[in-house]
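Step one of this worksheet: look at the structure below.
Protein chains: 2
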Amino acid sequence: MDFFFNPDSLAVIGASDHYPGEAILNNARLSQIKGSVYAVNPKRDRLGGVPCYPSVEQIPGPLDLALILTPAQAVPGALEACARKGVKGAIIESAGFAEVGEKGMELQERCLAVAQESGMRLWGPNCMGLVDLARRRFFTFMDAKLTHSLGEPGQVGLVVQSGMLSAAFLADLATRRGMSVAKVCSIGNRCDVNECDLLEYLIGDPDCRAIALYLESLKQGRRLSQLAAASAKPLVVLLGGQSKGGARAALSHTASLAGDARLAKSVLEGSGVVLARDFHHMAELANALALLKPPRKKARVAVLTFSGGSGILTCDLLESHGLDLAGLSEKSLAALQEFFPPWMRPGNPVDLYPAMERIGRLPAFERAAEICLDDPAVDVLIFHYSLGVEDRTLDPVRLKEMADRAGKSLLFWCLGVGEAVLEFSLRAQQAGAPVFGELSLAVEALAVAADRWGGVEEAIPASEASPAAAPPADPELVWDERRSKETLAAYGIPVVQEEAVGDAAQAAQAAERLGWPVVLKGALPGVVHKTEQGLVRLGLANLDQVSRAYEELQAAMGGKGQVLAQRQARHEYELIAGFLRDANFGPCLMLGLGGVLAELMPRAAFAAIPLATDAAWDLIDRVGVARLFQGWRGAPPLDRAGLVELLMGLARLAQERPDIAQVDINPVAVEEGKPFALDATIVLESGEKSGAS
Amino acid sequence: MDFFFNPDSLAVIGASDHYPGEAILNNARLSQIKGSVYAVNPKRDRLGGVPCYPSVEQIPGPLDLALILTPAQAVPGALEACARKGVKGAIIESAGFAEVGEKGMELQERCLAVAQESGMRLWGPNCMGLVDLARRRFFTFMDAKLTHSLGEPGQVGLVVQSGMLSAAFLADLATRRGMSVAKVCSIGNRCDVNECDLLEYLIGDPDCRAIALYLESLKQGRRLSQLAAASAKPLVVLLGGQSKGGARAALSHTASLAGDARLAKSVLEGSGVVLARDFHHMAELANALALLKPPRKKARVAVLTFSGGSGILTCDLLESHGLDLAGLSEKSLAALQEFFPPWMRPGNPVDLYPAMERIGRLPAFERAAEICLDDPAVDVLIFHYSLGVEDRTLDPVRLKEMADRAGKSLLFWCLGVGEAVLEFSLRAQQAGAPVFGELSLAVEALAVAADRWGGVEEAIPASEASPAAAPPADPELVWDERRSKETLAAYGIPVVQEEAVGDAAQAAQAAERLGWPVVLKGALPGVVHKTEQGLVRLGLANLDQVSRAYEELQAAMGGKGQVLAQRQARHEYELIAGFLRDANFGPCLMLGLGGVLAELMPRAAFAAIPLATDAAWDLIDRVGVARLFQGWRGAPPLDRAGLVELLMGLARLAQERPDIAQVDINPVAVEEGKPFALDATIVLESGEKSGAS
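Those sequence lines, one after another, are chains A and B. Letter by letter, the first sequence follows residues 0 to 692 in numbering that gives the first Met the number 0. Letter by letter, the second sequence follows residues 0 to 692 in numbering that gives the first Met the number 0.
The structure is reproduced here in structure tokens:
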């Protein structure tokens, strides 16, 4: 493969004096290669200052690489000439092959046959070729204006199946984000060289520290995942063509067919690939992963900011990605206090605005950066900076050197006037520190780097302990299940069938009425979590089992509570509904997922009371589980009207009973689509102890 | 409130000849107001070209508004003078109040007392004041360089609690995204005027077509949600301070306290608010919602693109947001074909690259736009465009006019050289068409506009039909449950206890051994979905129930299958595990959520076989439900080692039995944390009909 990237000599077949044949020749001439660049065009003697030959066979001396941009029909003939000349590889940039239908497919197969016979490798067809910024090689018909706007090389190797995207996209990255790539390979129809061949090459390429791939289909999925698993370099993949429309478009576009995208994405992810959701997301993640020193997994982050609000949002984003805000040392805090105003206690995020007003912007940032980089409790510095305001601005190169000396990771989030931000970004990224325009992306990239490539430098404290047991509830304020449900029933809320029973025989008689198997529960004021306290016995099938359960419940309650025999629900799933009185929003209705669903996906929606019936319908939608509510695998759909009635009953209760602080119906069981209260707790306002009911 | 925005006259208290007192005065002087701007500073006679007074009381004539930027200690005195002068409102931009602790809080309360006594309204303290680009008013100490970089007014009203952010952020929007706002209000400590007051004003403000709010806490949650519910204008809210660290920072930053963010976000969302996740996300969504004509809910989108890959990704994004790709009319397709190359059938996305090569870029885009805007099957045009390549470029204003005439929505996604993109964005957005730099954000904004503000112009076709019933499986290839589980057991995979029974009495005897209540199932080769076919009876509590179930199962199977008595599992949740042989990736192991969990959240992870034990552990993590697997509400955690063994057993089976195409253990029940196969199906390769076992 190396002859594609580092040819000694090359010929441009299809060179001409107008676009695109002119552009591909000019780009090839700009390229720094060891030997010569030749033009091939039977109608000319010279083109763009280089000798022009009727065919590659007339070119004197050996030839490594051919760039082909003739009409498609002429390509097989050109390749035959290349084969006779002993050319090692050809990049076919012409279109008109498999992507245009049967005739093109035939042409493509003829090309492949020529190559296979001669051992020559083919790249393309239907592609934009190769741009190598690190070694200044432009084997592409990309417009020269674009070529010139790409700037200094970056550290990412980019492989894209789509051609046109690469040119405008590279210019966009360079001139809008101050970001660049080392190489970009546009691979087109992949009749021979495919993404795996290129990935393998780029993994071994010292110019690339991370690799990004945009693919509309996979040629060799298994090989790709094996390469990814074996690669020490970060790989970021964006898979297009996952939707029906997208796959159809991909089919006509580069003659591909989307496979099972879900399987492909999961296998790749399991092989260590980072999946991207958009072009810029792919490029920015790859760039960040190429530049960023990965911090340890549970990275402790210091945030320097000119804006309290940005510091706050950074905290939120760090927490949502499982990263820690560093607790600065006493020494650091004291050092910060020296230039902070006396009324302001320093903390992390380090909000430098008041200090900036005191000692100036640059000194405040520089001193704070030194202090944080010097603090052993800090692994990463997120540096917020605004540009275009002052003439003297921070030197990102010096800051990066400081971070390197301290062995810490550094990244910037910058706002401000366009030109100034671009100039700063170019300098910082050339120095190896990623610069982001969006805070959320900055934190996401850091989290990916820490999670995938970060070392574990010390044991992670076992903070995953189960949440502390709730303090025991006041039995005068917290009603038991039976009393709670009686009140709900009075407001038209359906509740499960149950009977209070005085002994095991009564329980068995109740079971005959309710149906076997039956449930026994212990109801005790002040007790909310009955299951955890062993006060629920399910699936009792006969008198023996009922008797044993009855005795155990009585023992567990110390003779204080009441035993309930309850019909055993065969519900499809559980919800939670209720209301509470919020200090800020007043009485609010709540509907959410219950039981194991809630553990999986703690979804809940709230609405202020009073509410219109419309808003109750809307609340159901807002839980965001339409698919569950539609009914699953033959299960009946949720009786939405019934659930709306239940919710409106709760709302009425909230309005008519100001003595009640909170109602939790947990769970609302949904059986054959019908919702009803399977268990419930009513909590009184704390002023209501005297026993209003 | 109008005197804050449209004062006849104003005084700058704390004006000086250096920053920030100089900046606030200069900005005030730049402002276009009806009457005069005065400076107040006891040490000077004139400042920056305007008369300077020792106190507002010496100012001749009436005074509407005071901008205050003295040291905090001097503010109450200044306010008293304002009260005596009859000033209607004061914007206190000085810091040093509630945010600095007790002493500052006292000062703030003194200010509020003065205001309440006199009826004067207070804005701030600790804020950046007001910038009104639509009416050219700059009541802020923002650096003049920033003020000048803000450009033309946009159509968004922005309210931010954080001050410093607003200046750099506005410059960033204007000079990097070609986007602007109509007004920005920095509200600081909100001792009197709060976000609700401003929101109410902006809802009635003809200059603002959408409103964005960045808030670190809510002063009047209920009022905010009521205002939102009553507003016809789109509101976008970013709530900061939701994490513990963020709330702590917010507390010191603007003297706020985060409430229950989950409740607040949900109630606001229910009131029609769009929630944002980042500053730029907030600004870009608000800008798009201000500019974009909302299409109908199920909008049909045409995509014009210079890049097949971008078209494909757009399709994927549209589908994931529930939007439809428009099916272009025959007339449109024929019109496109006229300038497409003959080998290329036009479709949607309209990939214009080959047509551009034929007739030029500009004509190709313009003709395609006309055709699509004219097509009654198109509601929205997403226009991909690259800039900086050709000298002649598209006129966004003309295009917007065409879209308006056709009554259609238009949005741009642009890539290219920075300056050219910025210039185009400024023009397009001034003309009322939003321009995005990220495709994913463009589609998200469109989806929000359609979903929240789009009309339903015609009935949505009921495409939500349950998926078509699977074709009946071949009984020679699809093993029944019992045979499948026997094979699994031979590979060390734990399976549920069960016995084949020949009549009801045998079933009851089995139940005695397995425990009551018991399960009966009908096992029949070729039948995968037993529940849907009525072949599963759960919770059988006694001989009667068992006899009835036995007879029903036999009847349902027509005497063909076998009845199984099975221990009734009391599992916490269900998983699915298995393998399949993928054309691209070869044999792959699969682990996912099962049962109702899968309906809620269809999560599955795949890994290529063979796999290392490490990769099996990793597979469990990759299902992404750590919280569920940790055990919930007293439930034991998942026995991961047991699940790894099960997975490795499956992998071995896949390798040793090439005759088996696929294994589905559905469900893997997890009971007391232990996983085991509760039901399973083995499917043979279709060449294996002859009956290998």
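Every residue gets a Cβ at the ideal spot worked out from N, C-alpha and C, and that includes glycine. Computed from a prediction, not measured in an experiment: that's the story for all the values here.
- For CYS314(B), the chain A residues whose C-beta falls within less than 7 Å of its own C-beta are SER242, GLY244, GLY245 and ALA248, listed in chain order.
- Taking C-alpha positions only, LEU226(B) is separated from ASP617(B) by approximately 48 Å.
- For VAL518(A), there is no enclosing alpha helix (DSSP H); the enclosing beta strand (DSSP E) covers residues 517-522.
- For GLN505(B), the enclosing alpha helix (DSSP H) starts and ends at 503-513.
- Under a criterion of Cβ atoms nearer than 8 Å, the residues of chain A adjacent to ARG569(B) are, in order, LEU537 and GLY538.
- For the set HIS528(B), GLU443(B) and ASP403(B), the Cα lying nearest the Cα of ALA472(B) is the one of HIS528(B).
- For THR304(B), the enclosing beta strand (DSSP E) covers residues 299-304.
- The beta-carbon distance between ALA427(B) and GLY387(B), rounded to whole angstroms, is 15 Å. This is too long to meet the 8 Å contact definition.
- When rounded, the separation of the alpha-carbon atoms in ARG344(A) and GLN336(A) is 7 Å.
- The straight-line gap separating the alpha-carbon atoms of SER216(A) and SER117(A) is approximately 28 Å.
- In this structure, the CA atom of GLU365(B) is about 27 Å from the CA atom of ARG175(B).
- When the Cα atoms are used, PHE96(B) and ALA112(B) turn out to be separated by approximately 14 Å.
- For SER265(A), the closest Cβ of chain B is nearer than 8 Å.
- Around ALA607(A), the beta-carbon contacts reaching into chain B at under 7 Å are ARG221, SER224 and VAL266.
- In terms of beta-carbon proximity, ALA94(A) lines the interface with chain B, with at least one pair separated by less than 8 Å.
- Nearest to LYS520(A) by C-alpha distance, out of ASN541(A), ASP479(A), TYR490(A) and ALA489(A), is ASP479(A).
- Here the C-alpha atom of VAL494(B) lies approximately 52 Å from the C-alpha atom of GLN115(A).
- The straight-line gap separating the alpha-carbon atoms of SER35(B) and GLY60(B) is approximately 10 Å.
- Contact between the segment 387-406 of chain A and the segment 139-151 of chain B is present: 3 or more CB-CB pairs across the two stretches fall below 8 Å.
- Beta-bridge pairing by DSSP links THR680(A) to ASP663(A).
- Contiguous alpha helix (DSSP H) elements confined to the segment 211-251 of chain A occur at 220-229, taking only those with 4 or more residues.
- SER309(A) belongs to the set of residues whose beta carbon lies under 8 Å from a beta carbon in chain B.
- Contact of VAL624(A) with chain B by beta-carbon distance below 9 Å involves GLU598, LEU599 and MET600.
- Residues LEU588 and ALA650 of the same chain have their beta carbon placed closer than 7 Å to that of LEU610(B), with the five preceding and five following residues left out of the count.
- With a cutoff of 8 Å on beta-carbon distance, ALA14(B) and VAL55(B) are scored as not near each other.
- Scanning the segment 23-106 of chain B from its first residue to its last, the whole beta strand (DSSP E) runs of 3-plus residues come out as 36-39, 49-52, 64-67 and 88-91.
- DSSP, reduced to helix, strand and coil, places PRO205(B) outside both helices and strands of the structure shown, so it counts as coil.
- The beta carbon of ASN541(A) sits closer than 8 Å to some beta carbon of chain B.
- Residue pairing by DSSP places GLY591(B) opposite ILE575(B) and ALA603(B) in a beta bridge.
- Taking each of TRP122(A), LEU552(A) and ALA133(A) in turn and checking the Cα distance to PHE2(A), the smallest one comes out for TRP122(A).
- Straight across, the Cα-Cα distance linking ALA615(B) with PHE628(B) is about 15 Å.
- Among the CB atoms of chain A, one or more fall inside 8 Å of the CB of THR530(B).
- In chain order, VAL235, VAL273, ALA275, ALA444 and VAL447 place their CB closer than 7 Å to the CB of LEU284(A), counting only its own chain and leaving out the 5 sequence neighbours on each side.
- In its chain, beyond the 5 residues on either side, LEU519, ARG536 and LEU539 have a beta carbon closer than 6 Å to the beta carbon of ALA548(A).
- Interface annotation, THR174(A): in contact with chain B, CB-CB separation under 8 Å.
- Residues SER408 of the same chain have their beta carbon placed closer than 6 Å to that of LYS292(B), with the five preceding and five following residues left out of the count.
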